[in-house]
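Here is the structure we will look at, set down as structure tokens.
Numbering (the numbering used here), first residue to last: 205 to 1148.
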């Protein structure tokens, strides 16, 4: 135990500087600087604050008869510290604003440097909030006044660089002002964030328990990052090149990197400060400086605390101010102030503030692209019927019907009826929203948000037209997908919330706008093609859009194209290419501020990488990216359900069935609430739920869920649609588990026929059904056919997924069981060893699936007389299954181990068999057969 004393910890807001500014032991005051002492005409009254550079004393100016605040430099501070304090006075002297503390003079008295400032009778913002617990609205009002002070500083070219609650004062008279410009600098017009290597933190003395709150000087060892400007204000440089000063918890990403700062860095810090006092929590995680910095750089803002009263519009304003890239933040503090005022319900007409909103002033062109250029104000919009003419009208309906009939497909008329009903409903919702929006515009409600909503409606109209254009061609593949495609059209209701969301994106320049519109139309046509079953055409259009997007140089539309390319590659089984494009889309969408694309691309990347390719940890990392972007985006039940279902799928693949099941249920509930109980996407959720219930042995519930999925899909798409094959595949797997093998074979053969017809014979989805069918045929004794089918499944999986994919192990296990049933134990053992090696590598050594090949290999080795090899295999399988498995699976392993142990440990062998007998209580054929086998073994091996 150490007995030496340690230095006391500074408070959360103490200024902690490097040794060149605040040498160790420099915490004493100059002689004579005590309460009652005089400094020139000032009488010191009391200490009201302290920091790394000095102390602040309340004082009385006996010449002018007023109370003032004196900031006194610590006596041992270096020359740079003195220059810093003089610079604060000079900075503040440039400002005359009610929201900035006024400086009266800077001087010295008997070697003591001081600044005389106005005295604010009040407290810091954080203490004011802690004491009064004001409602969110009052906190925002106070913050707006502080923001005005920062805006005034920015107007004269000053950047505060240390904005935090303790530097915002709230007077007893209600006045709010910003203080402590001690590390302010002239704004660097050339500054731009340059990603460099992490700055090395060099803090003199012992850091506080939460040193992310302290002001620090950071020495950047990387020459690439050493670009922060050194500014002279009648004195030595404020900061050495490559040195960053600020408070870590409030510092912007560019400050953490040690790169150039400007007014947008203050905006970031201001939003951190407001976030903290509104939510009583920091926006970024991090128990130490390294973790904090990584969180800030990643833009990982915490979710709002449960039960928070802070409304979503306020949070969205803050999230924009907390953007990683400065260009994504508000153009200035003035725009941030306007946005905060709007959250308070202050009504301001768009035209009154357009001049102050920079690039947003051009968004009116979005409306003009949709509305006619008429001078008569009473005629605001053409009718909805006119806008849909040639898109979806009577002529297009007749053309579609004729094309469907001409195909001579047996389900063509069913498909036409279902599809036209959905298109009618979609067009009706479009018309209602369009006319309501036109009414708002006609009533003088023009605003950026309404303009952007109208732009959203234009895109929905283009998507509808692109789909109908394909449907009237009558391609058989398109007819098969028609109802699904119509159901999958983007929701019209989403346009009501897209105004604020789209406003977060920097608009294209006037020179880019026409080309960007053309690219988005091409992307809509790509989406329509894949929804209509023309995957190749969809990919061709998406790639064309991507090339044009790269050329035009507008990042938001480029990431939209990247996402669409990756999505279509994933659907086409091109998993490596899809993973690359989706990752690129997700990461660059963050840079573009396109949160919706970030959510979609990251979620799809998680599914491809984590579920389809079996790289589970990587998939979960992408889900964290998606979650962070969804939090910034705001509530969207459908996106939330996609994220939850993807997470559940990855957990299910890992064998974490109990964790996956509630996520599948939650995704189903969200879709039913938003879409209604009979929507095709609800059927997808029932299918997922059924698959999860199978894994936990709840076969009856699983069968009911899967049959519900089949019912919805057949009603929506007809009985030959490939998604019906998906439901039949799941039903067949459940029926096999229930011991209803002839029924399982029938369902799986139907599923195989539908899937081969829809996807072709070499699609990965066909391999799943082949494997299931082969397993059932093995149980039914149709061994030759079973071997051919399972071997085909293995070859198909190795070709499409790669030889190291976990799904390959499923085919290997089934081939091993088949060989064991035929008495070919060496061959069975070889298949089982390959499976164990593969699954240990890809799933981990404790995955529940490993118990299958371990048990099979143990039986094979015992049959070959290798009991010394068999026993550890069966003991390991038993331990895995005892940790969590279906009772009859556990019983199967217990019986195999009992058979092995009878010769050497008959007591334990008998005990294992009796346990197995008690665990098999089901009435399914497989369980009945296993129970009969156990009972026969017990009769042959009576208790010793």
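Ideal Cβ placement from N, Cα and C applies to all residues, glycine included.
What would DSSP say about residue i, mapped onto helix, strand or coil?
i: residue 1108; result: coil
i: residue 307; result: strand
i: residue 320; result: strand
i: residue 729; result: helix
i: residue 1149; result: Here the chain comprises residues numbered 205 to 1148, so residue 1149 is not present and cannot be evaluated.
i: residue 361; result: coil
i: residue 615; result: coil
i: residue 451; result: coil
i: residue 921; result: helix
i: residue 632; result: helix
i: residue 757; result: coil
i: residue 1144; result: helix
i: residue 974; result: helix
i: residue 773; result: helix
i: residue 253; result: strand
i: residue 693; result: coil
So residue i is in the beta strand (DSSP E); what residue range does that whole segment cover?
i: residue 275; result: 270-277
i: residue 328; result: 326-328
i: residue 258; result: 258-265
Excluding the five sequence neighbours on either side, which residues of its own chain have a C-beta within less than 6 Å of the C-beta of residue i, listed in chain order?
i: residue 850; result: 807, 810 and 811
i: residue 635; result: 588
i: residue 690; result: 623, 626 and 627
i: residue 732; result: 670, 671 and 674
i: residue 607; result: 676 and 678
Can you say whether residue i is buried or exposed, counting buried as having 16 or more other CB atoms within 10 angstroms of its CB?
i: residue 1122; result: exposed
i: residue 321; result: buried
i: residue 368; result: buried
i: residue 678; result: buried
i: residue 364; result: buried
i: residue 456; result: buried
i: residue 268; result: exposed
i: residue 884; result: buried
i: residue 1052; result: buried
i: residue 896; result: buried
i: residue 266; result: exposed
Need the endpoints of the alpha helix (DSSP H) that residue i sits in, please.
i: residue 372; result: Not the alpha helix (DSSP H): residue 372 falls in the beta strand (DSSP E), residues 372-375.
i: residue 465; result: Run containing residue 465: none; DSSP gives neither H nor E here.
i: residue 938; result: 926-941
i: residue 239; result: Counting along the chain, residue 239 falls outside any alpha helix (DSSP H), and DSSP gives it neither H nor E.
i: residue 542; result: 537-547
i: residue 382; result: It is not in any alpha helix (DSSP H) - residue 382 instead sits in the beta strand (DSSP E) that spans 380-382.
i: residue 1066; result: 1055-1067
i: residue 963; result: 945-963
i: residue 525; result: 516-525
i: residue 780; result: 779-796
i: residue 840; result: From DSSP, residue 840 is part of no alpha helix (DSSP H); its letter is neither H nor E.
i: residue 815; result: Premise fails: residue 815 is in no alpha helix (DSSP H) and is neither H nor E.
For residue i, I'd like the list of residues in its chain whose CB is within less than 7 Å of its CB, leaving aside the five on either flank, ordered along the chain.
i: residue 663; result: 724 and 728
i: residue 804; result: 767
i: residue 323; result: 262, 271, 272 and 273
i: residue 682; result: 674, 675, 736, 737 and 738
Keeping to the same chain, check which residues put their C-beta closer than 8 Å to that of residue i; ignore five residues upstream and five downstream.
i: residue 987; result: 981, 1022, 1025 and 1026
i: residue 843; result: 800, 803, 804, 807, 834 and 837
i: residue 474; result: 347, 350, 351, 354, 367, 525, 537 and 540
i: residue 327; result: 335, 373 and 374
Taking only heavy atoms of the ligand ZN into account, decide whether any of them is closer than 7 Å to the Cβ of residue i.
i: residue 941; result: For the ligand ZN, the structure offers nothing, since it holds no ligand at all.
Determine, for residue i, whether the minimum Cβ-Cβ distance to residues of chain C falls below 8 Å.
i: residue 813; result: Here chain C cannot be found, since the structure has a single protein chain.
### Query
If we count Cβ pairs, one from each stretch, closer than 8 Å, do we get three or more for the region 898-905 versus the region 924-931?
These segments do not touch.
### Message
Closer than 8 Å is the cut-off here; do at least three beta carbon pairs connect the region 815-823 with the region 852-872?
### Response
The answer is yes - the region 852-872 touches the region 815-823, with three or more Cβ pairs under 8 Å.
### Message
Three or more C-beta pairs under 8 Å: does that hold for the region 298-305 against the region 340-360?
### Response
When Cβ pairs closer than 8 Å are counted between the two stretches, the region 298-305 is seen to touch the region 340-360, the count reaching three or more.
#### Entry: Validate contact between the region 1050-1061 and the region 865-872 using beta carbons, cut 8 Å, 3 pairs
No, the region 1050-1061 is not in contact with the region 865-872.
### Stretch-stretch touch, CB-based, cutoff 8 Å, three pairs: the region 750-770 with the region 785-798
A contact between stretches requires three or more CB pairs, one per stretch, nearer than 8 Å, and the region 750-770 meets this requirement with the region 785-798.
### Query
Taking contact to mean at least 3 C-beta pairs separated by less than 8 Å, is the region 746-753 in contact with the region 693-700?
No, the region 746-753 does not touch the region 693-700.
### Query
With a cut-off of 8 Å, do at least 3 Cβ pairs link the region 464-478 to the region 306-313?
Under the 8 Å Cβ criterion, the region 464-478 does not count as touching the region 306-313, having fewer than three qualifying pairs.
### Query
Counting pairs of Cβ atoms below 8 Å between the region 1093-1107 and the region 1062-1077, do you hit three or more?
In short, these stretches touch, since the Cβ pair count reaches three.
### Message
Using a Cβ distance threshold of 8 Å, determine whether the region 969-984 contacts the region 1000-1015, with at least three qualifying pairs required.
### Response
Yes, the region 969-984 touches the region 1000-1015.
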